[in-house]
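Just so we're on the same page, our numbering is the position in the sequence shown counted from 1, plus 11. Backbone N, C-alpha and C fix where the C-beta goes; we use that ideal spot for every residue, glycine too. Structure record follows, encoded as C-alpha cells.
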Amino acid sequence: MDRTFVMVKPDGVQRGLVGEIVSRFEAKGLKLVGAKLELLPEERVVEQYREHLEKPFFPGLKSYIMSGPCFLMAWEGKGVVAIVRKMVGATNPAEAEPGSIRGDFALDIGRNVIHASDSLESAARELGIHFSAGELVDYSRIDEPVLYE
Ligand code: UDP
Ligand code: MG
Numbered sequence: 012m013d014r015t016f017v018m019v020k021p022d023g024v025q026r027g028l029v030g031e032i033v034s035r036f037e038a039k040g041l042k043l044v045g046a047k048l049e050l051l052p053e054e055r056v057v058e059q060y061r062e063h064l065e066k067p068f069f070p071g072l073k074s075y076i077m078s079g080p081c082f083l084m085a086w087e088g089k090g091v092v093a094i095v096r097k098m099v100g101a102t103n104p105a106e107a108e109p110g111s112i113r114g115d116f117a118l119d120i121g122r123n124v125i126h127a128s129d130s131l132e133s134a135a136r137e138l139g140i141h142f143s144a145g146e147l148v149d150y151s152r153i154d155e156p157v158l159y160e
C-alpha cells in the first residue's frame, strides 16, 4: 500500500488545526502509520525543500518552518499521494478550492498550514528524512474490509 509524508506547519500547529486535519484524513479512510511533534533542525528543512534552495522565497520558507513545532505524519492508503494532495489544495490558498485544507484554513502562500509529498518518489524520500523505519507502524484498520472493494 502507498504511503505519503504530511506535515502540519508551525502556523497550523499554533492555530490548533492538528486535530481537524488528522480528522479529515481519518474520516477519508486513510491509515495513520506514524506521527510526531517536532521542532525541525535546519538540515532536515533544507533536505525536505532541496528543490527550492535557490528560490527567492527559500530563506523565508526556512525560517517559517523552523518558527515552531511541526506535526509530522505518515499516511497510508490506496492512491494516498494524489488523494492527500487534492485534500490539501493548491499551494496558494487564494487559489485552493473550498473544501480543501488550504482553501478552508489559509489565506497566504507563505502561511499555507500544511505540506504533503507530491509524488510516490518524493513521499519515500521525505518519509526517509523524517522517520526511522521503527517509527512507522504496520497494522490493519478494522474498517479496511468495507473501505476497499
Ligand atoms: N512557498 C512560498 N512562496 C512561494 C512558493 C512557495 O512561501 O512563492 C512556500 C509554501 O510554504 C509552499 C512551499 O514553499 O508550500 C513549497 O512550495 P511548493 O511549490 O513545493 O508547494 P507545495 O508542494 O507545498 O504545494
Ligand atoms: Mg512541493
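For the 8 Å CB-CB criterion, glutamine 59 and isoleucine 125 do not form a contact. Here DSSP, grouped into helix, strand and coil, assigns glutamate 49 to strand.
Cβ neighbours of arginine 122 within its own chain (closer than 6 Å, five residues either side excluded): Asp22. Going by C-alpha positions, proline 109 is about 18 Å away from valine 33. Rounded to the nearest whole angstrom, the CA to CA distance from methionine 98 to leucine 41 is 12 Å.
Pairing glutamate 106 with phenylalanine 116, the inter-Cα distance amounts to about 12 Å. Our two residues, valine 44 and phenylalanine 68, have alpha carbons roughly 32 Å apart in a direct line. Here DSSP, grouped into helix, strand and coil, assigns leucine 158 to helix. Here valine 91 really is in contact with aspartate 13; their C-beta atoms are around 5 Å apart, less than 8 Å. Arginine 14 carries a strand assignment under DSSP once its states are collapsed to helix, strand and coil. Proximity to proline 80 across Val19, Leu147 and Tyr159 peaks at Val19, based on C-alpha coordinates.
Between valine 95 and valine 17, the C-beta gap is smaller than 8 Å, which places the two residues in contact.
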